[in-house]
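If you read the sequences in order, they're chains X and E.
Using numbering that gives the first Met the number 0, the first residue of the first sequence is number 0, and each one after it goes up by one.
Using numbering that gives the first Met the number 0, the first residue of the second sequence is number 0, and each one after it goes up by one.
Below you'll find the structure, written out as structure tokens, and then a few comments.
Number of protein chains: 2
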Amino acid sequence: MLIVQKYGGTSVGSLERIRAVAKRVKKTCDEGHSVVLVVSAMAGETNKLIALAEEATKQPEGREMDLLLSSGERISAALTAMCISELGIKSMSFTGRQVGIVTDDVHTKARIEAVSAERLRHAIKEGVVPVVAGFQGITISGTDVTTLGRGGSDLTAVAIAASLKADLCEIYTDVDGVYTTDPNMVPEARKLDKVAYEEMLEFASLGAKVLQSRSVEYAKKYNVPLVVKSSFSDAPGTFVVKEDKEMERVVVSGVAYDKNQSKVTIIGVPDRPGIASILFNAVADANVVVDMIVQNISHETGATDISFTVPRTESKKAMKLAGALARELGAKGTDLRENIAKLSIIGVGMRSHSGVAAKMFATLAKHGINILMISTSEIKVSCVIEEKFTELAVRALHDAFELEGKAKSAPKKAAKKKTAKKAAKKKSKK
Amino acid sequence: MLIVQKYGGTSVGSLERIRAVAKRVKKTCDEGHSVVLVVSAMAGETNKLIALAEEATKQPEGREMDLLLSSGERISAALTAMCISELGIKSMSFTGRQVGIVTDDVHTKARIEAVSAERLRHAIKEGVVPVVAGFQGITISGTDVTTLGRGGSDLTAVAIAASLKADLCEIYTDVDGVYTTDPNMVPEARKLDKVAYEEMLEFASLGAKVLQSRSVEYAKKYNVPLVVKSSFSDAPGTFVVKEDKEMERVVVSGVAYDKNQSKVTIIGVPDRPGIASILFNAVADANVVVDMIVQNISHETGATDISFTVPRTESKKAMKLAGALARELGAKGTDLRENIAKLSIIGVGMRSHSGVAAKMFATLAKHGINILMISTSEIKVSCVIEEKFTELAVRALHDAFELEGKAKSAPKKAAKKKTAKKAAKKKSKK
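Here it is, written out as structure tokens:
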């Protein structure tokens, strides 16, 4: 097999840790596989460099930031190649440029345009273990260094795996997989053996920071089989793969939450066509990332309330903008609610099951938790609630959807699973 | 004027120091000059990376070392560009690749083959202050990063100044110029206003670590006017320029010493043609850098003693080699002397003056200092002495050649200078 292994910052956080990585690589090679490594900067290094840049200037140029930040991965790539060589395995480090990762020129969050990986193919053929500096690429003209945004090394690994048509892309991190919910909050949370790309995307975008969202999108597009595992243990991890029939039997795969949100409301907006467009164009122009949007038309007054959620760090900016827009649109006023949390149930099985949302609402109601906003997609239902109810709600939903009891993809438990599935189906139809 | 300014590691050792550099750049720009910067890695960073590499592996690959070590300069270049921009001056960082510094592929000590500097010319035209990451280049094929060896940022600066036909190349460091001798040893040591490239080469290769030797050679070859000054003061520094007539009037410019040497002797080598060639080829093959070589033929025995000096860190390696060669050549034995120092008087004026060496020997004799080896060049006389006499010898020579009293190139002291010169001439003829 050709395996791409990506190691995050904590996995290469010290020379001792890098040596452990080298040993794992040796083991994989000894088993007869070819390995390509992608590494992040040593833990803390990127933050240290960002702090220096922020001390240097209020508004660092993206181009300069990229030259600065890409250095961290180059350092860990070189050190990792050295540690692997020390074990008697030929190894060489490569920069983003050297493996032909070509991006657009949007510095600090560039998008990958092409991956040639020519030197990697050559190295593999020569029996060399290549170690690629993650997170970086070069502009199409080849003149400048770019970076792929936070968590960009995941994307590097997936893009390289796609280009090399690797059999597997292993993402090593400090957790041992994807759980049905936060195990720190719910001790009964169960590690998932398998999730669909779509589910992983929802988990990732909801603040379960196991995998960078863009890397999951990329993996989905090129059908790269991913597995998320811990570099600190030999546990099998969670596979992130194409949706299969077995998955559909499970209605809900997990419960996610995000406490880092604020809700902004513009009250009494005159109900005219195009109002929402004006509003959210203005918000986008100000580079504020909006998550949920809810609009309700009041039939009595002919006016409407428009609410949206933003990351809590953007509250002030969003409210300032909302105030200006309220005046411009002739609305009555604005409102900010900070202590909220977003709660989501996720599962590709929802596509073929009804009553899932209803069950979620009922569960929250049973525990006296008021719902402030609702938003749904094909494979997700999200509710905004008061932040203080987060733990209670997550535990209640985890329990209601029987996430603890299900053993989704282990073949020997197939019989049990079916029963669980039927039970879930029955319940969700109530 | 177009000025290339190079700042060493201590000059960019912290953000506070980098801000001071930015201010100096602004001042130079405000005076109407165009500036190109070359920066070293922040003080300590390169040593930190070397320590990590040595911890990773006993024998790091040169190619990996170069990727590792070149990162330090990239970081300081980006941060320096940010600090300059913060003062309202357009600034951009550039890597060795981006300014077209092409080298051979001898990793960790690559030689510059060509410098295009195209992007620099463009940036200068656009009113941008370019900040170049020193110490690094790329191979001719463009595939790999190389570094130019310790002190390589000096070479980067000189090479860029040559390519841009800059009016001046300023080397900012933590000392304020080149002295007649080590001021820590001789408080009367005087800063030189001007030295010839050839003299600077001797100073540099003798352990006066103000400027990297190769950068001086390069400056000499392309006639780049250099000035060495302190980034911690506004003192005028020392100009390193083409030899001029005024210089010739001064017989000796300075006294240098090097305590980091050992003397290896092969005793009783049969005196055959080609012996020295066999010996020093073997030494060169073992990558031992030999400095002084002395061979004396004994007319009585028909055998000869061959002595050479090596850096003290190479003593063991050199002695092992000498032992093997002694057996091979049928010599009587070997001898190692570790506690030695090399003492040199340097001056382009020696070319046209006789008696300089004699005066040096007489001075040492007067103080009871035994000479172990002698070596001379056109502009230098070196003696190896016992290490314990170093301070005494340096002071005595500094005094004997009246280095303290001479004010070599300040125009207003021209009259005095002549007298001093005459006196020196007179004395040296004794």
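The beta carbon of each residue, even a glycine, is placed where N, CA and C say it ideally should be.
Please read these numbers as outputs of a predicted model, since none were measured by experiment.
- Counting other Cβ atoms within 10 Å of its Cβ, Gly329 (chain E) stays below 16 and is therefore classed as exposed.
- For Gly267 (chain X), there is no enclosing alpha helix (DSSP H); the residue is found in the beta strand (DSSP E) stretching over Gly253 to Pro269.
- Within the same chain, and ignoring the five residues on either side of Ser75 (chain X) in sequence, the residues whose Cβ sits closer than 6 Å to its Cβ are Val11, Val38, Ala40 and Met41.
- Contact annotation: Gln260 (chain E) and Ile345 (chain E) have beta-carbon atoms that are not nearer than 8 Å.
- If the five residues before and after Thr300 (chain E) are omitted, its C-beta is found closer than 8 Å to the C-beta atoms of Gly267, all from its own chain and listed in chain order.
- Along the stretch 88 to 121 of chain E, going in chain order, the ones with a CB nearer than 9 Å to a CB of chain X are Ser90, Met91, Ser92, Phe93, Thr94, Arg96, Gln97 and Arg118.
- Check the Cα spacing between Asn280 (chain E) and each of E:Tyr221, E:Arg311, E:Ala321 and E:Phe238: the tightest is with E:Ala321.
- Taking CB atoms only, Thr56 (chain E) has a neighbour in chain X less than 8 Å away.
- Note on the stretch 60 to 139 of chain X: whole alpha helix (DSSP H) runs with a minimum of 4 residues are 61 to 85 and 117 to 124, in chain order.
- The stretch 305 to 340 of chain X is shown to contain whole alpha helix (DSSP H) runs of 4 or more residues at 314 to 328, in chain order.
- Using a CB distance cut-off of 8 Å, Met359 (chain X) does not count as an interface residue toward chain E.
- Proximity of chain E to Ala77 (chain X) at the Cβ level (cut-off 7 Å) is accounted for by Glu63, Leu66 and Leu67, in chain order.
- For Gly87 (chain X), the closest alpha carbon among the candidates X:Cys28, X:Ile2 and X:Ile139 is that of X:Cys28.
- Gly8 (chain E) counts as buried, since no fewer than 16 other beta carbons sit within 10 angstroms of its beta carbon.
- Close to chain X, meaning a Cβ-Cβ distance shorter than 7 Å, is no residue of the stretch 165 to 198 of chain E at all.
- Look at Ile74 (chain X): its C-beta is under 8 Å from a C-beta on chain E.
- The contact set of Ala19 (chain X) on chain E, defined by CB atoms closer than 8 Å, is empty, because the minimum CB distance reaches about 13 Å.
- By the neighbour-count criterion, in which a residue is buried when 16 or more other Cβ atoms sit within 10 angstroms of its Cβ, Ala113 (chain X) is exposed.
- Taking 8 Å as the CB threshold, Pro59 (chain X) lines the interface with chain E.
- Within the stretch 18 to 61 of chain X, the complete alpha helix (DSSP H) segments of 4 residues or longer fall at 44 to 55, listed in chain order.
- In the DSSP assignment, Val209 (chain X) falls outside any beta strand (DSSP E) and carries neither an H nor an E.
- When the alpha-carbon of Val128 (chain E) is set against those of E:Ser351, E:Met318 and E:Ser90, the nearest one is in E:Ser90.
- Residue pairing from DSSP places Val293 (chain E) in a beta bridge opposite E:Ser306.
- For Cys82 (chain X), the chain E residues whose Cβ falls inside 8 Å of its Cβ are Ala55 and Thr56, in order along the chain.
- Per DSSP, reduced to three states, the secondary structure at Lys379 (chain E) is strand.
- Counting along the chain, Glu169 (chain E) sits inside the beta strand (DSSP E) bounded by residues Leu167 to Thr172.
- Between the stretch 179 to 195 of chain E and the stretch 150 to 157 of chain E there are fewer than three C-beta pairs closer than 8 Å, too few to call the two in contact.
- Between the stretch 156 to 175 of chain E and the stretch 219 to 227 of chain E, the count of C-beta pairs closer than 8 Å reaches three or more; the two stretches touch.
- Assigned with DSSP and collapsed to three states, Ala195 (chain E) falls in strand.
- Around the CB of Tyr221 (chain E), fewer than 16 other CB atoms lie within 10 Å, so the residue is classed as exposed.
- Around Leu51 (chain X), the beta-carbon contacts reaching into chain E at under 7 Å are Leu14 and Leu78.
- The three-state reading of DSSP puts Val215 (chain X) in helix, counting H, G and I together.
- Between Val34 (chain X) and Phe93 (chain X), the CB-CB gap reaches or exceeds 8 Å.
- In the three-state reduction of the DSSP assignment, Ile370 (chain X) falls in the coil class.
- Taken through DSSP and simplified to helix, strand or coil, Ser343 (chain X) comes out as strand.
- The residue from E:Glu337, E:Leu1, E:Ile277 and E:Thr303 with its alpha-carbon nearest to that of Lys315 (chain E) is E:Glu337.
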